[in-house]
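Contents: one structure, followed by commentary.
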Amino acid sequence: MTNPPDIRKLSKNGKLLIIKGCDGASLVLHFLHYLEENDMPAKNPRINVVLDDPIYRRIRFLAEKDGVSLSTKVRDLLKEALEIYEDIHLAAFAEDREKSWDASSTLSHDDVWS
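Residue numbers (the numbering used here): 16 to 129.
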């Protein structure tokens with residue numbers, strides 16, 4: 016199945032709406048904005064993510080349950096996932112260090128601090 020070409024049109028507020036290929040399962044919308052003299056860039060970086068419908072519905076459910084926006088819920092879930100990812104890799108690093116531990120080559124507290 017081939018994706019249809021991009022559909023571009025200028026909306027009433029001066030933003031360019033780009034609708035990228037839709038394969039029936041997901042649709043990606045990107046809002047581009049041409050900065051004018053008085054416009055400020057976004058305070059925080061933005062990422063566009065395409066979600067499958069089941070994932071989107073689960074995140075929407077969690078956001079509604081917690082009374083937060085979709086953006087906030089996705090940000091919080093990503094933070095949590097990154098912390099777990101870091102923990103896994105730090106644990107593997109610590110395990111490798113533990114395997115190579117040689118008590119005879121270590122320094123005592125007094126040796127280090129005196």
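We put the beta carbon where it would ideally sit given N, CA and C, even for glycine.
Helix, strand or coil: how does DSSP classify residue 123 here? It is coil, neither helix nor strand.
Taking DSSP as the reference, what is the three-state secondary structure of residue 69? Residue 69: helix per DSSP, three-state reduction.
Does DSSP put residue 117 in a helix, a strand or coil? Shown here, residue 117 sits in coil according to DSSP, grouped into three states, outside any helix or strand.
Spatially closest choice to residue 86 from 119, 64, 129 and 111, by CA coordinates: Nearest option by C-alpha distance: 64.
Counting only the same chain and skipping the five closest in sequence on each side, list residues whose C-beta sits under 7 Å from that of residue 89. Excluding residues within five positions, the ones whose Cβ falls inside 7 Å are 74.
Run through DSSP, which three-state label would residue 61 get? Note: residue 61 maps to coil in three-state DSSP.
Between the CA atoms of residue 105 and residue 114 - distance to the nearest angstrom: For the pair residue 114 and residue 105, the Cα-to-Cα distance works out to about 14 Å.
Alpha carbon of residue 72 to alpha carbon of residue 83, nearest angstrom: Near 14 Å, if we compare the C-alpha coordinates of residue 83 and residue 72.
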